[in-house]
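Contents: one structure, followed by commentary.
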Amino acid sequence: MTCVIPNDSLPRKSILVAGASGYIGSRLVPKLLPFHNVRCFVRNPDRLDPSYRDQVEISIGDVLHSDTIRKSLEGIDVAYYLIHGMGNAKDFEKNDRLAAQSFVAAAKQANVSRIIYLGGLGDDNDPDLSPHLRSRHEVGEIFQQSGVPTIELRASVVLGPGSLSYEMIRSLTQKLPIMICPRWLSTPTQPIATEDILQYLFEAIALPLTQSDIFEVGSHDVVTYGQLIQMYAQEKNLTRILVRVPFLTPYLSSLWLGLVTPTSAEVGRHLIEGLRNPTTVSDDRAEKRFSHRPMSTAEAIHQAVRLENS
Numbered sequence: 001m002t003c004v005i006p007n008d009s010l011p012r013k014s015i016l017v018a019g020a021s022g023y024i025g026s027r028l029v030p031k032l033l034p035f036h037n038v039r040c041f042v043r044n045p046d047r048l049d050p051s052y053r054d055q056v057e058i059s060i061g062d063v064l065h066s067d068t069i070r071k072s073l074e075g076i077d078v079a080y081y082l083i084h085g086m087g088n089a090k091d092f093e094k095n096d097r098l099a100a101q102s103f104v105a106a107a108k109q110a111n112v113s114r115i116i117y118l119g120g121l122g123d124d125n126d127p128d129l130s131p132h133l134r135s136r137h138e139v140g141e142i143f144q145q146s147g148v149p150t151i152e153l154r155a156s157v158v159l160g161p162g163s164l165s166y167e168m169i170r171s172l173t174q175k176l177p178i179m180i181c182p183r184w185l186s187t188p189t190q191p192i193a194t195e196d197i198l199q200y201l202f203e204a205i206a207l208p209l210t211q212s213d214i215f216e217v218g219s220h221d222v223v224t225y226g227q228l229i230q231m232y233a234q235e236k237n238l239t240r241i242l243v244r245v246p247f248l249t250p251y252l253s254s255l256w257l258g259l260v261t262p263t264s265a266e267v268g269r270h271l272i273e274g275l276r277n278p279t280t281v282s283d284d285r286a287e288k289r290f291s292h293r294p295m296s297t298a299e300a301i302h303q304a305v306r307l308e309n310s
């Protein structure tokens, strides 16, 4: 794993982080602050980390309200879009679409030079792609076709304390010595450590770009969700037995998940529907264009457990 420290001679940019109070956004902001001027776009400023709240400019609004988006993007060079509506009502796909279109229109009006969007892995041609992943890809397509140069980073499970997927794995493993598990535990994925996705997002600011592009990122090893549970159990010195059954639907799985994890049944359903789709890296373009090299899945889980114990 490599971690590149930027050259201090590079000019400071004005950066907007839309979704700054979320899991990724709240960890990206302090990484940006030593090198750039950061504006945080949030609905509730009280959710911003008090350790850096006084060091950022705060723009309060809702991504579905075009007026607040326009104001937040004034004078911005690079805009991060780290927002998605998986936890919203049944029309989250429509809201995601409208929010992206509103953001693009405001970015063009403000002459934003680059959008950096964090999306999700998954095959665009998969007819069974989950609504969650399909919406992520649709938002990426809106940015790609916007005329504003866009870097779309596609990632799978983010491994780190506080990440929704990681907390699901953690809760299942800690609370259930014997797990009756559906078929999605055999789905292949390429997770990524929180530290690694943050570094990719950071490097994307200065990545040479002639046109909008998509980069798939993840650790180099392909694992299943069942293996992630066993790897976490091994780190915690736990013995876990997985009993696979074919008849648990995503809906039933989400209800079961809600009994043992912090997620709601609605969020759990969208999350599990996405777990049925393979989310693996299909090419090495990110390795060729980015200097960062991600850690292995085993290293990522080891680091995450160490952080949750600290």
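Going by the UniProt record's numbering, the first residue of the sequence shown is number 1, and it counts up by one from there.
The beta-carbon is built from N, C-alpha and C at its ideal position, and this holds for glycine as well.
Query                                                                                                                 : Result
Whole-number beta carbon distance between valine 104 and phenylalanine 143, since they are thought to touch under 8 Å : 6 Å
The region 169-180 / the region 137-156 touching (three or more Cβ pairs under 8 Å)                                   : no
Alanine 106 and isoleucine 69 closer than 7 Å at C-beta                                                               : yes
Own chain, CB closer than 7 Å to aspartate 126, minus 5 neighbours either side, in chain order                        : Asn277
Continuous alpha helix (DSSP H) stretch holding threonine 173: start and end                                          : 164-175
Of the residues Lys108, Leu16 and Leu275, the one placed nearest glycine 120, counting alpha carbons only             : Leu275
Where methionine 179 sits in the DSSP three-state scheme                                                              : strand
Minimum length 3: unbroken beta strand (DSSP E) runs contained in the UniProt domain "NAD(P)-binding" (19-140)        : 37-42, 57-60, 78-81 and 114-120
Outcome for glutamine 190 when other beta-carbon atoms lying within 10 angstroms are tallied against a minimum of 16  : buried
Backbone CA spacing between valine 222 and leucine 228 [nearest angstrom]                                             : 10 Å
Sequence-distant residues of its chain with Cβ nearer than 8 Å to arginine 240 (five each side left out)              : Thr173, Leu176, Pro177, Ile178, Met179, Ile229, Gln230 and Ala233
Where aspartate 196 falls: helix, strand or coil (DSSP)                                                               : helix
Opening and closing residue of the beta strand (DSSP E) in which threonine 279 lies                                   : It is not in any beta strand (DSSP E) - threonine 279 carries neither H nor E in the DSSP assignment.
Whole-angstrom distance between arginine 244 and leucine 32, CA atom to CA atom                                       : 44 Å
Per DSSP, the bridge partner or partners of isoleucine 151                                                            : Ile116 and Asp213
Under the three-state DSSP convention, the category leucine 159 falls into                                            : strand
Rounded straight-line distance, which links the Cα of alanine 79 to that of serine 21                                 : 15 Å
7 Å Cβ cutoff met for alanine 286 and proline 161                                                                     : no
Same chain, Cβ closer than 8 Å to arginine 97, neighbours up to 5 away in sequence not counted                        : Ser135, Glu138, Val139 and Ile142
Whole-angstrom C-beta distance between leucine 164 and leucine 201, which should lie under 8 Å                        : With 8 Å as the limit, leucine 201 and leucine 164 do not qualify as a contact, their Cβ atoms being about 18 Å apart.
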